[in-house]
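Worksheet: one structure, shown below.
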């Protein structure tokens, strides 16, 4: 068990906070839920990716349940979003930014923790991406939306990039704060460029862009 | 492993039965499924919360799979609902009552089992609530509905109350049949009052009640 | 740990390939996703059932993550569907066939692996059925559809039949390639007959067939 890895913990808590804000603001904006619904959705979005990761790598009970700091940070982010969400202008922009931040940080921590637990490099990359997209996917399923990871504008790809950078830098012994932050920033930048310009990965041959989507 | 704890087992089986009736009656009423769909939904609703609990506390394979009584009770409840659902008047009222009963019983057993497995008190409270709301959330996701735990009328709060009473009475050494039943009854009563009077937890500041919901 | 069981592995990889084609073709046809969405849905459909199985029987990390062949086969099937899906005529027919093939193969491997891990026969049958229907259920939840296992035309029943044949032949010592293939073919045949003739399991007493469904 890797009980203490301060860099992993710090990035993980930052990602938890970002996803808590994202999930709770989404609940405020999209679904007009009450405080319990808002905090519940914020906490599921914040903790879902890490719980899926910990179940898959057999790190049970999940860090969330053995370390109160995750619960506290997720609850704090959700309550802040509940209290201040109505004053925030450009709410949809903030929702996208917090989502991209959580995605980036969790892709790094997921890949790093998977390597710590002895998984191979390809598995660690996939697991990093799953950690990044997991919380948002639960959020979208609960709100009856097709998950962002399927609709994209570059969502899974930046997560895979960040996880790959993480795995490579760990393998080559140059991992540390700069590498971890660099990997997260790369993911965040790709994601935000994708959102800004409405970029999508290639469509199947024979489909044109002006076909109706659903 | 806590292989035998008769009080826990009895409450768990009662909750399983209540949720099996609830899930299968919901399938009869809402979705007009055939017998396999009805029994499947009844069993997922009945067993889902406990399976999520057992995965998270690393009690694997889940009790459901190591103890045939859970499967038998879940199947029996589902088949009873299949056979008699069409004769039951006030079906929607019964559905709500069985859901509240399952929620209450599973919140108690989830918190109790989490403490048994060595989790801290705050974690045990959260895990009790997850156990209570888990099966119904799977049911709603499969039927394409926003889960009750997000829409509420007091759903997560009574589960947290029951789990908190359970954890406190265990910690102070006064847990037993009266405390367990009392915790479940408190949850059930709060939930039913919430349903009866359409109560919801507070909305975010700046939202008024007459805004359109979705 | 049963690290090597060539028959189990071959059937599991064949089922993974069939479900990858099914999930990715469904994404091409129903949701008009881009390449990342298509491959993601293909891989979730292909790997979801086995991951759920491995979580429930505590075989963690799941075979998917400890054995690269699953990832490779799932990715290959998804990319083939991406590249050739637009040329395939009768796409909806192929989607149903690949789904039935994956269902049949995974019901056999799920039941076999559960027995290997020491579960009882009834639990192994249920787990085989869960393995068979798991990936398709995740696919349907992510695409906002009521899962096939609830809507049916005989979907859970053939999976239970294949799992039961598997468990019985293993218990009576006559399991091997003929028994495994026979169990899968039986499941496949029942499923395809159900689809062809629009068969459903019995409805609850008092419901008539001409009632509106949803």
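Protein chains in written order, with full-length UniProt numbering: chain A, 1 to 214; chain B, 1 to 214; chain C, 1 to 214. Even for Gly, the Cβ is constructed at its ideal location relative to N, Cα and C.
- For the segment 70-157 of chain C, the continuous alpha helix (DSSP H) assignments of 4+ residues that do not extend past its boundaries occur at 91-116, 121-142 and 148-151, in sequence order.
- Nearest to residue 66 of chain C by alpha-carbon distance, out of A:95, A:168, A:114 and A:72, is A:114.
- For residue 172 of chain A, there is no enclosing alpha helix (DSSP H), as DSSP gives it neither H nor E.
- Contact check for residue 134 of chain C against residue 52 of chain C passes: the beta carbons are separated by less than 8 Å.
- Nearest to residue 88 of chain B by alpha-carbon distance, out of B:37, B:183 and B:25, is B:25.
- Cα atoms of residue 15 of chain A and residue 104 of chain A: separation of roughly 8 Å, rounded to the nearest angstrom.
- Excluding its 5 nearest sequence neighbours in each direction, residue 153 of chain B has C-beta neighbours in its own chain below 7 Å: 194, 195, 198, 199 and 200, listed in chain order.
- Residues of chain C with a Cβ closer than 7 Å to the Cβ of residue 139 of chain A do not exist, since the nearest Cβ in that chain sits about 13 Å away.
- Using a Cβ distance threshold of 8 Å, residue 11 of chain A and residue 109 of chain A count as a contacting pair.
- Closer than 7 Å at the C-beta level to chain C, one finds these residues of the UniProt domain "Glycine transporter" (10-84) of chain A: 55, 56, 57 and 58.
- A residue is called buried when at least 16 other Cβ atoms come within 10 angstroms of its Cβ; residue 172 of chain B does not meet this threshold and is exposed.
- For the segment 28-77 of chain A, the full-length alpha helix (DSSP H) segments reaching 4 residues or more read 35-56 and 63-66 along the chain.
- Exclusion of the five residues before and after residue 7 of chain C leaves 177 and 180 as the residues of its chain whose Cβ lies within less than 7 Å of its Cβ.
- Taking residue 168 of chain C as reference, the option from C:54, C:129, C:205 and C:124 with the minimal CA-CA separation is C:124.
- In this structure, the alpha-carbon of residue 185 of chain B lies about 21 Å from that of residue 77 of chain B.
- Following the DSSP letters along the chain, one finds residue 22 of chain A inside the alpha helix (DSSP H) bounded by residues 6-26.
- Between residue 146 of chain B and residue 47 of chain A, the gap from beta carbon to beta carbon reaches 8 Å or more.
- Around residue 142 of chain A, the beta-carbon contacts reaching into chain B at under 9 Å are 137, 140, 141, 146, 147, 149 and 150.
- Residue 157 of chain A and residue 58 of chain C have their C-alpha atoms spaced approximately 30 Å apart.
- Out of A:130, A:95 and A:98, the CA that lies nearest to the CA of residue 111 of chain A is found in A:130.
- Cβ contact annotation for residue 44 of chain C (same chain, cutoff 8 Å, sequence separation greater than five): 23, 135, 138, 139 and 142, in chain order.
- Just measuring C-alpha positions, the residue of A:170, A:60 and A:71 sitting nearest residue 40 of chain A is A:71.
- The three-state secondary structure of residue 194 of chain B, taken from DSSP, is helix.
- The alpha carbon of residue 149 of chain C has as its nearest neighbour, out of B:18, B:36 and B:29, the alpha carbon of B:36.
- Within a 10 Å sphere around the beta-carbon of residue 202 of chain B sit fewer than 16 other beta-carbons, which makes this residue exposed.
- Scanning A:38, A:121, A:75 and A:56 for the CA closest to the CA of residue 17 of chain A turns up A:75.
- Interface residue (Cβ-Cβ distance to chain C less than 8 Å): residue 119 of chain A is classified as such.
- The beta carbon of residue 190 of chain C sits no closer than 8 Å to any beta carbon of chain B.
- Closest option to residue 91 of chain C, judged by alpha-carbon separation, among C:54, C:28 and C:102: C:28.
- Using a CB distance cut-off of 8 Å, residue 168 of chain A does not count as an interface residue toward chain C.
- Taking 8 Å as the threshold, the shortest C-beta distance from residue 156 of chain B to chain A falls below it.
- Per DSSP, reduced to three states, the secondary structure at residue 160 of chain B is helical.
- When secondary structure is reduced to three states using DSSP, residue 205 of chain C falls in the coil class, being assigned neither helix nor strand.
- Relative to the Cα of residue 107 of chain A, the nearest Cα in the group A:96, A:188, A:162 and A:63 belongs to A:162.
- The beta carbon of residue 80 of chain C sits closer than 6 Å to none of the beta carbons in its chain outside the five residues before and after it.
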